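In full-length UniProt numbering, the protein residues as written are 1 to 601.
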């Protein structure tokens, strides 16, 4: 009895300890699995894959001879991923149609296209939401998480396939159902569901009205009419294909996982049925059975943990597969670029092909490893002892990943600090550049003002030079006139002097002759005093004649010399000359006075 009670207490303590460990392990793995299979993470992976497809399509459009900006604008305008081919081909065809015609298809007519999205991430996010919504409307039996999982595994070929073969795993009660692909790729087969005929009928009804639901759901998004029309066409094709598949598959749907996983509470009831009574004697068989039940319970818990670990491995393999596919797409893009370059050598192309083949081999190895992980889930019951050590290793790797995350956060903070410092430095440099630009503008304004002032000064200087030249020319002309007048005056003066000398000489000769005649005649007739009175009157009459014309009487007195040598008419002719001088003494004349004789009065 004492031994039985001790065994019971030991078994109870062991059960409690195992239940606590199981709960801790479940909570730990559920938290990790929730992080790995989270809807946001699947959406992020799908956006990454779809963004890679848009980049590949952009490179294909560029390879047709267009610029990168033109190709990007065409994709953002008419580069939707819907059509009769794969995603990349549809994007390329729609973009090239817009580049060649400049038109988009809208409600059965063509119109001028305009850019709808701002960048590729926004286009990829909107396209993904439309694709998921379209599939959810056509397949109401699938959740959004299942649809996103199927898109990730099928590499977006699910859009043109029309249907997919899925298995619903309902073993995990905490996380709900998760979608697993039985063959690794999506196939065009009917879905397998539970034994619920009403669900099948509702699915047929929903598939018949999918076009109306899609048209209503598209009202929530701001799409172009061409994109909405293309979506409606794709939904109609998808519904028709699904109806054909449902008509073909008339046999009963296979049951994948009908029996739910027994919970810990059920195990507890089984253990109570085989529990050792507290009062009676201890039966060795009963004790052995209870120990075996405890071991079975522990093994089932470990099997559940191993299944969770296998699911995580599948998700990790899927992520590796996605990254490898992305690398393969990048390598293919490089191969296209290398084919366009004519001057590259064939050896580089061979190396690129070799790298692509290596990556494909790695991809095959990764898929084989994923299949191997799926196969290992069937033999986990015989390898439960090794799993505990692997769990410890995973814990260590988790701590190591946490440490790496902390280091990455520290590096990110340092980089952010550097970026902040660089932004401050750039702001300071921009301010200095703005100040320099203002100074340069001021200097340019001053230079413009100085140039204008210089031009004004040059104009004034030219005007002064012209005025000076005119004055010099006028003075030279006046000097020439003055010199000519002086020369003419000198010539006239010399001629007058010669004439006066000749006339004086003639006058003297006449006087002498007259005197001789008079002396001869008046010697006996006139008295001498009468002859002496006549001589001064004649000399006085001759001295009052004009020196120039020698005809009229000199009636103009020059000042300051007070000579009376010219008549009024000759004086007017001489006044026209600038700075004329007296004909007798060559003194500059400042004023003239007209003389009036008493005899004239």
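Even glycine gets a Cβ: it sits at the ideal position worked out from N, Cα and C. Treat the numbers as computed from the prediction; the structure is a model and nothing was measured.
Among 547, 153, 490, which has the Cα closest to the Cα of residue 319? In the chain shown, residue 319 corresponds to position 319, counting from 1. Measuring from the Cα of residue 319, the nearest candidate turns out to be 153.
At the level of alpha carbons, what is the spacing between residue 146 and residue 94? Your numbering for residue 146 matches position 146 in the chain shown. Your numbering for residue 94 matches position 94 in the chain shown. Distance between the alpha carbons of residue 146 and residue 94 is about 29 Å.
Do you know offhand how far residue 506's Cα is from residue 583's? Numbered from 1 along the chain shown, position 506 holds the residue referred to as residue 506. Numbered from 1 along the chain shown, position 583 holds the residue referred to as residue 583. Approximately 22 Å, taken between the alpha carbons.
Could you check what DSSP says for residue 565 in three-state terms: helix, strand or coil? As a first step, residue 565 is located in the chain shown; it is residue number 565 there, counting from the start. In this structure, residue 565 counts as strand in the three-state DSSP scheme.
Going by the CB atoms, is the gap between residue 99 and residue 71 shorter than 9 Å? Here the question's residue 71 lines up with position 71 in the chain shown. Here the question's residue 99 lines up with position 99 in the chain shown. Annotated as proximal: residue 71 and residue 99, with beta-carbon spacing under 9 Å.
Could you spell out where the alpha helix (DSSP H) holding residue 44 opens and where it closes? Looking up residue 44 in the chain shown gives position 44. Unbroken alpha helix (DSSP H) run through residue 44: 39-63.
Among 353, 315, 562, whose alpha-carbon lies nearest the alpha-carbon of residue 585? Along the chain shown, one-based indexing puts residue 585 at 585. When each option's Cα is compared against that of residue 585, the closest is 562.
6 Å CB neighbourhood of residue 374 in its chain, flanking five on each side removed: Stepping through the chain shown from its first residue, residue 374 is reached at position 374. If we look at residue 374 and ignore the five residues flanking it on each side, it has no Cβ neighbours.
For the region 366-380 against the region 302-309, do three or more pairs of beta-carbon atoms, one drawn from each stretch, fall closer than 8 Å, so that the two count as touching? Touching, yes.
Out of 301, 285, 81, 120, state which residue places its alpha-carbon closest to the alpha-carbon of residue 608. Residue 608 lies beyond the stretch modelled for the chain, which goes from 1 to 601, so this question has no answer here.
Going by DSSP, which residues form a beta bridge with residue 351? Position 351 of the chain shown holds residue 351. For residue 351, which the question treats as bridged, DSSP gives no partner whatsoever.
Residue 53: buried (16+ other C-beta within 10 angstroms of its C-beta) or exposed? As a first step, residue 53 must be located in the chain shown, where it is residue number 53. Label assigned to residue 53: buried.
Using only alpha-carbon positions, find the residue among 144, 497, 394 that is nearest to residue 548. Locating residue 548 in the chain shown gives position 548, where the first residue counts as 1. Comparing Cα-Cα distances from residue 548 to each of 144, 497, 394, the minimum goes to 497.
Given residue 62, which residues of its chain have a CB within under 7 Å of its CB, disregarding the five upstream and five downstream residues? Translated into the one-based positions of the chain shown, residue 62 becomes position 62. Closer than 7 Å at Cβ, skipping near neighbours: 68, 71.
Could you check where the beta strand (DSSP E) with residue 557 kicks off and where it finishes? For the purposes of this step, residue 557 is taken as residue 557 along the chain shown, with counting starting at 1. Note, residue 557: beta strand (DSSP E), 556-559.
From the DSSP output, read off the bridge partner residues of residue 591. Indexing the chain shown from 1 puts residue 591 at position 591. DSSP output for residue 591 lists 559 as bridge partner(s).
DSSP has residue 553 in a bridge; who is on the other side? Locating residue 553 in the chain shown gives position 553, where the first residue counts as 1. BP columns for residue 553 point to 545.
If you reduce the DSSP assignment to three classes, tell me which class residue 139 lands in. The count along the chain shown starts at 1 and reaches residue 139 at position 139. In the three-state scheme derived from DSSP, where H, G and I count as helix and E and B as strand, residue 139 is classed as coil.
Below 8 Å on the Cβ atoms is my contact criterion, and I expect residue 156 with residue 50 to pass it. Report the Cβ-Cβ distance as a whole number of Å. For this step, residue 156 is matched to residue 156 along the chain shown. For this step, residue 50 is matched to residue 50 along the chain shown. With 8 Å as the limit, residue 156 and residue 50 qualify as a contact, their Cβ atoms being about 7 Å apart.
Since residue 568 and residue 556 should fall inside the 8 Å C-beta cutoff, what is the C-beta to C-beta distance between them, to a whole number of angstroms? Your numbering for residue 568 matches position 568 in the chain shown. Your numbering for residue 556 matches position 556 in the chain shown. 6 Å between Cβ atoms; contact.
Determine the burial state of residue 80: buried for a count of at least 16 other Cβ atoms within 10 Å of its Cβ, exposed for fewer. Reading the chain shown from its first residue, position 80 is the one you call residue 80. It counts as buried.
First and last residue of the alpha helix (DSSP H) that includes residue 68? As a position in the chain shown, residue 68 is number 68, starting the count at 1. Here the alpha helix (DSSP H) through residue 68 covers 68-78.
Would you mind sorting residue 127 into buried or exposed? The rule is 16 or more other CB atoms within 10 Å of its CB. Position 127 of the chain shown, counting from 1, holds the residue named residue 127. Buried: at least 16 other Cβ atoms inside 10 Å.
Could you give the distance in angstroms between the alpha-carbon of residue 120 and the alpha-carbon of residue 97? Translated into positions along the chain shown, residue 120 becomes position 120. Translated into positions along the chain shown, residue 97 becomes position 97. Going from the Cα of residue 120 to the Cα of residue 97 covers about 19 Å.
Is residue 328 near the ligand NAD, judged by its Cβ being under 8 Å from some heavy atom? Absent from the structure shown: the ligand NAD. Ligands present: none.
Less than 9 Å separating the beta-carbons of residue 593 and residue 581? Numbered from its first residue, the chain shown carries residue 593 at position 593. Numbered from its first residue, the chain shown carries residue 581 at position 581. No; because the gap between Cβ atoms is not below 9 Å, this pair is not in contact.
Segment limits, alpha helix (DSSP H) that includes residue 378: Within the chain shown, the letter at position 378 stands for residue 378. That residue, residue 378, is in no alpha helix (DSSP H); it is neither H nor E in DSSP.
Between the Cα of residue 325 and the Cα atoms of 299, 350, 150, 362, which residue gives the shortest distance? Counting from one through the chain shown, the residue named residue 325 turns up at place 325. Closest by alpha carbon: 362.
Spatial neighbours of residue 59 in its chain, beta-carbon cut-off 6 Å, leaving aside the 5 residues before and after: As a working note, residue 59 is residue 59 in the chain shown. Once the five neighbours on either side are set aside, the close Cβ partners of residue 59 are 333.
Under the assumption that residue 148 contacts residue 132 (Cβ atoms under 8 Å), give the Cβ distance between them as a whole number of angstroms. Position 148 of the chain shown, counting from 1, holds the residue named residue 148. Position 132 of the chain shown, counting from 1, holds the residue named residue 132. Yes, residue 148 and residue 132 are in contact; Cβ-Cβ is about 6 Å, under 8 Å.
Please state whether the Cβ-Cβ distance between residue 393 and residue 314 is less than 9 Å. Translated into the one-based positions of the chain shown, residue 393 becomes position 393. Translated into the one-based positions of the chain shown, residue 314 becomes position 314. Contact flag unset, no.
Of all the alpha helix (DSSP H) runs that stay within the bounds of the region 286-363, which reach a length of 4 or more residues? none
To which residues does DSSP link residue 581 through a beta bridge? On the chain shown, residue 581 is found 581 positions in, with the first residue counted as 1. According to DSSP, residue 581 bridges with 588.
Can you have a look at residue 587 and say buried or exposed, based on whether 16 or more other CB atoms are within 10 angstroms of its CB? For the purposes of this step, residue 587 is taken as residue 587 along the chain shown, with counting starting at 1. The residue is exposed, with fewer than 16 neighbouring Cβ atoms inside 10 Å.
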